[in-house]
Amino acid sequence: MKIKKLMRLYFCVTVLFFSVDAFAAEATPSLPTPDIKANGQDGPITVLSGTPVSITASLEPGNESGKLADWWLACSSPVGWYSLNSNGWTPGINLLTQYPLFSVSPVEIYSASLSAGDYAFYFLVYMNPNAIVDSPYYYDFVQVHVAPDPLVLARVEVPGKLQYLNLPVHAGLVDGSGVYYALVIATRTQLNAAGVTYRVIDECPPDTDYLLASSGNPDDYGEAAKVVNVLYDDGHWIIVRDIGTVDEILADIGFDLKLMSDEPITRVSTGVDAAQMEATPAKLPSVSEMIGKVKQEAVNTYISQLSGESQVTVEGEPYTIKNRHTDSGTPIQKATQYILDKLKGMKGMTVSTHDWTGKERKESNIIHKGSNIIGELKGKEKSSEIIIMIAHLDSINKFDESYEGGKAAPGADDNASGCAALLAAAEIMSNYSFQSTIRFIFTTGEEQGTRGSMAYVKEVKGQNIVAVLNLDMIAYSTSGLTPPTQHVKTRHIDDLGNLKDMIIANLYKDVVTLYGLDSSLNVVIKQDSDVNGDQSSFWDKTVFLDKTIPAVWVIEDDYSNFNKDNMHTVDDRLKTLNMPYCTAQVKATLATVAHLAGSTSASGPYPLNVMSSQEL
Ligand SMILES: [Zn+2]
Numbered sequence: 027m028k029i030k031k032l033m034r035l036y037f038c039v040t041v042l043f044f045s046v047d048a049f050a051a052e053a054t055p056s057l058p059t060p061d062i063k064a065n066g067q068d069g070p071i072t073v074l075s076g077t078p079v080s081i082t083a084s085l086e087p088g089n090e091s092g093k094l095a096d097w098w099l100a101c102s103s104p105v106g107w108y109s110l111n112s113n114g115w116t117p118g119i120n121l122l123t124q125y126p127l128f129s130v131s132p133v134e135i136y137s138a139s140l141s142a143g144d145y146a147f148y149f150l151v152y153m154n155p156n157a158i159v160d161s162p163y164y165y166d167f168v169q170v171h172v173a174p175d176p177l178v179l180a181r182v183e184v185p186g187k188l189q190y191l192n193l194p195v196h197a198g199l200v201d202g203s204g205v206y207y208a209l210v211i212a213t214r215t216q217l218n219a220a221g222v223t224y225r226v227i228d229e230c231p232p233d234t235d236y237l238l239a240s241s242g243n244p245d246d247y248g249e250a251a252k253v254v255n256v257l258y259d260d261g262h263w264i265i266v267r268d269i270g271t272v273d274e275i276l277a278d279i280g281f282d283l284k285l286m287s288d289e290p291i292t293r294v295s296t297g298v299d300a301a302q303m304e305a306t307p308a309k310l311p312s313v314s315e316m317i318g319k320v321k322q323e324a325v326n327t328y329i330s331q332l333s334g335e336s337q338v339t340v341e342g343e344p345y346t347i348k349n350r351h352t353d354s355g356t357p358i359q360k361a362t363q364y365i366l367d368k369l370k371g372m373k374g375m376t377v378s379t380h381d382w383t384g385k386e387r388k389e390s391n392i393i394h395k396g397s398n399i400i401g402e403l404k405g406k407e408k409s410s411e412i413i414i415m416i417a418h419l420d421s422i423n424k425f426d427e428s429y430e431g432g433k434a435a436p437g438a439d440d441n442a443s444g445c446a447a448l449l450a451a452a453e454i455m456s457n458y459s460f461q462s463t464i465r466f467i468f469t470t471g472e473e474q475g476t477r478g479s480m481a482y483v484k485e486v487k488g489q490n491i492v493a494v495l496n497l498d499m500i501a502y503s504t505s506g507l508t509p510p511t512q513h514v515k516t517r518h519i520d521d522l523g524n525l526k527d528m529i530i531a532n533l534y535k536d537v538v539t540l541y542g543l544d545s546s547l548n549v550v551i552k553q554d555s556d557v558n559g560d561q562s563s564f565w566d567k568t569v570f571l572d573k574t575i576p577a578v579w580v581i582e583d584d585y586s587n588f589n590k591d592n593m594h595t596v597d598d599r600l601k602t603l604n605m606p607y608c609t610a611q612v613k614a615t616l617a618t619v620a621h622l623a624g625s626t627s628a629s630g631p632y633p634l635n636v637m638s639s640q641e642l
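Numbered per this note's numbering, the sequence shown finishes at 642, counting up by one with no gaps.
Written out as structure tokens, the structure reads:
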């Protein structure tokens, strides 16, 4: 995007330049002057991790104007070199472009927060246009020191359930205006990532406890402010550091005192009606109606057709999809066309194809090609906010590599089940309106290392994707438990992105209870950063830096170690599946997505869109 802007500028400016030059008298000789700034300054600058940084570059070509040169925009970061090229910021030192020098007004080349560490952004022009780093050259650089973030005590507004905050909550309080809020001890980065509205009360010194004090006598508050350091007064509670004899002083004035929990709590423990905090997302009639339309027979039919148990009609011809291996040629093309045809038949669905090419794995040179299929229902009010349901269409039979005419790779559980879920949900949801845009994405190349989704995220980088639910293997359960366990996988708790994923995972869990699906599913959240599914492409820090996307993996239980005996063999067939279990997950995912996207008969989207929070 940024590069295109630069190019447009190039054409305007060169035209202007040459016309001026033609009439210019002898110009004073001058050298090319690249300039690069951080937050408008030449630097070095220091910012907190989590605070957005804007890097701009400009160029005065001087008397080298119009001469062909190599252009480089690079950054040395704590995780190595990055450079800007037509794919955005990518690892390594790569040429931006080879173009004649021209005058460039300041253009923003980076705008996001950075993790803690030292960075230097470089803008270089090399007059020897040979795409290697040599002389003569002209350059400028700016240093950015990103400081780690200290712990702060903050007041955090609570839009839903307290646990949705996914922050270390130390108290839940009701202020003098009757508004409930949480006291959180966390870094600003954590607070920003949680997408909450907050205000900082105190920078926490090590080993400090806080006292919460309230009194029935309004005059006591004024008295307290005269004799102790009141950090915050919410109209009902005052907050002070518990140091020296402050507790005795406040007690003498007439305050009731509570020591704020020094360990995070998950529930309210002080001065608040717990029921008030437990406000669940409201049940929506439109969502109940949609859930009622999810039929096991329909899901069963889709799995049957995709896994070659029954014939399909593709482009007017009967066909049996025995194999969906990414490299299988005709079979995967037929399967892809089948999805395309189905989506095209749905009301209001915009259908597109995304072709990709990718290497198998880093150490391999095998090149795979494939197509992802995308169906989109455009949001009515917040169409730039995108909720994604994703499932991989491709299958694999590791015991037979002859894809066509050889043994089948039915992949009924892995992953006709997820694709059937998307088709069933899309068919129903296409008859409803949503505030946000919903995309149904069918990938290929997943079995070669999530190749299709990795290519896709690069394609859509910069779009406002607010939530991703990956459905991959949702139909095998032989535990015999009632109800059977089902997993929602998020990033590990040590990963900052965990906070984002947990909002979706918790909502999924709540929706299951809200719509009575808890008699069919026992949802267990697994914070294990499992990167073997397509959702992990949205967690990729090399693509998104620290602006990774909230994404979870909806998957069956692991009592059989994920269908170990059948997975990736000719035996992964419909007859082995637990269809009521699968259908319940289709309902739960549809309902979660409907809440995220804001079914328009409802009051509004679930408050995921508060991701861009600010400090009060
Ligand atoms: Zn799979």
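Where a beta carbon is used, it is the ideal one built from N, C-alpha and C, also for glycine.
Which complete beta strand (DSSP E) runs does the segment 340-406 hold, if anything under 3 residues is left out? Complete beta strand (DSSP E) runs here, min 3: 343-345, 375-385 and 393-403.
Alpha carbon to alpha carbon, how far is D439 from M593? Give it in angstroms, no decimals. Whole-angstrom Cα-Cα distance: 8 Å.
Go ahead and pull the three-state DSSP assignment for P132. Judged by DSSP in its simplified three-state form, P132 adopts strand.
Just how far apart, CA to CA, sit I62 and T215? Taking the straight line joining both Cα atoms gives about 26 Å.
Cα-Cα separation between G444 and H418, rounded to whole angstroms: Cα-Cα distance, rounded: 7 Å.
Three-way DSSP call (helix, strand, coil) for G624 in this model: In the structure shown, G624 adopts coil according to DSSP, grouped into three states.
Using a threshold of 7 Å, state whether the C-beta atoms of Y534 and V550 are closer than that. No, the Cβ-Cβ distance between Y534 and V550 is not below 7 Å.
7 Å Cβ shell around T77 - same chain, five flanking residues per side excluded: Result list for T77: S139, in chain order.
Beta carbon of M605 nearer than 7 Å to that of Q363: Contact check for M605 against Q363 fails: the beta carbons are separated by 7 Å or more.
Alpha-carbon spacing of T595 relative to P290, whole angstroms: Near 47 Å, if we compare the C-alpha coordinates of P290 and T595.
On the three-state DSSP scale, how would you describe S137? Secondary structure of S137 (DSSP, three-state): strand.
Unbroken beta strand (DSSP E) runs of length 3 or more, entirely within the segment 66-121: which are they? With a minimum length of 3 residues, the continuous beta strand (DSSP E) runs that stay inside the segment 66-121 are 71-74, 78-86, 94-103, 106-111 and 114-117.
For L603, collect the residues of the same chain with a Cβ closer than 8 Å to its Cβ; drop the 5 residues on either side in sequence, then sort them by chain order. Non-local beta-carbon contacts of L603 in its own chain, meaning distances under 8 Å to residues more than five positions away in sequence, involve I329, A438, D439, S443, A501 and Y502 in chain order.
Exposed or buried, what is L507 when buried is set at 16 or more other beta-carbons lying within 10 Å of its beta-carbon? An exposed status is given to L507, since fewer than 16 other beta-carbon atoms sit within 10 Å of its beta-carbon.
Quick check: S20 and M528, are their CB atoms within less than 7 Å of each other? Outside the shown range of the chain, which is 27 to 642, sits residue 20, and nothing can be said about it.
Just the Cα atoms here: how many angstroms apart are L525 and Q512? Spanning the two alpha carbons is a distance of roughly 20 Å.
Using DSSP with H/G/I as helix, E/B as strand and the rest coil, what is E434? Looking at the sequence itself, residue 434 is Ala, so the reference to Glu does not match. Coil, per DSSP.
Runs of beta strand (DSSP E) wholly within the segment 563-595 (minimum 3 residues, chain order): Complete beta strand (DSSP E) runs here, min 3: 577-582.
Same chain, Cβ closer than 7 Å to N120, neighbours up to 5 away in sequence not counted: If we look at N120 and ignore the five residues flanking it on each side, its Cβ neighbours are S109 and N111.
Going by the DSSP bridge assignment, what does Q169 pair with across the sheet? BP columns for Q169 point to A146.
Report the start-end ranges of each beta strand (DSSP E) in the segment 416-488 that is 3 residues or longer and not cut off at the edges. Those beta strand (DSSP E) runs which fall completely within the segment 416-488 and span 3+ residues are 462-469.
Alpha carbon of G114 to alpha carbon of K484, nearest angstrom: When only Cα atoms are considered, G114 and K484 end up about 9 Å apart.
Quickly, what does DSSP pair V514 with across the bridge? List them, please. Paired residue(s): I551 and V580.
Does DSSP put A64 in a helix, a strand or coil? DSSP places A64 in strand when its eight states are reduced to three.
Contact under 7 Å by Cβ, D246 with I279: D246 is a Cβ neighbour of I279, given a cutoff of 7 Å.
To the nearest angstrom, how far is the alpha carbon of D560 from that of G405? Spanning the alpha carbons of D560 and G405 requires a straight line of approximately 24 Å.
Here's a check: name, in chain order, each residue in its chain whose Cβ is nearer than 6 Å to the Cβ of Y258, leaving out the five neighbours to either side. Once the five neighbours on either side are set aside, the close Cβ partners of Y258 are I227 and I265.
Going residue by residue through the segment 217-305, where are the continuous alpha helix (DSSP H) segments of at least 4 residues, counting only ones entirely within it? Within the segment 217-305, the complete alpha helix (DSSP H) runs of at least 4 residues are 245-253, 272-279 and 300-303.
Can you give me the Cβ contacts of I275 inside the same chain, cut-off strictly under 7 Å, excluding the 5 residues immediately before and after it? V253 and V254, listed in sequence order.
Beta bridge counterpart(s) of G198 as assigned by DSSP: Under DSSP, G198 shares a beta bridge with A208.
Flag N589 as yes when its Cβ comes closer than 6 Å to any non-hydrogen atom of ligand 1, and as no otherwise. For ligand 1, not one heavy atom lies less than 6 Å from the Cβ of N589.
Taking the DSSP output, what are the residues bridged to A159? It is worth fixing the name first, because residue 159 is Val in this sequence and not Ala. V159 is not bridged to any residue.
Any heavy atom of ligand 1 within a distance shorter than 6 Å of the CB on N663? This structure cannot speak to residue 663, because the chain is shown only from 27 to 642.
Shortest alpha-carbon distance to V172 belongs to which of S91, S141, R181 and G202? Per the C-alpha coordinates, the member of S91, S141, R181 and G202 positioned closest to V172 is S141.
Less than 8 Å between C-beta atoms, sequence neighbours within five positions excluded: which residues of the same chain meet that for Q337? Excluding its 5 nearest sequence neighbours in each direction, Q337 has C-beta neighbours in its own chain below 8 Å: Q331, P344, Y345 and T346, listed in chain order.
Can you tell me whether K368 is buried or exposed? The criterion is at least 16 other CB atoms within 10 Å of its CB, across all chains shown. Per the 10 Å Cβ criterion, buried.
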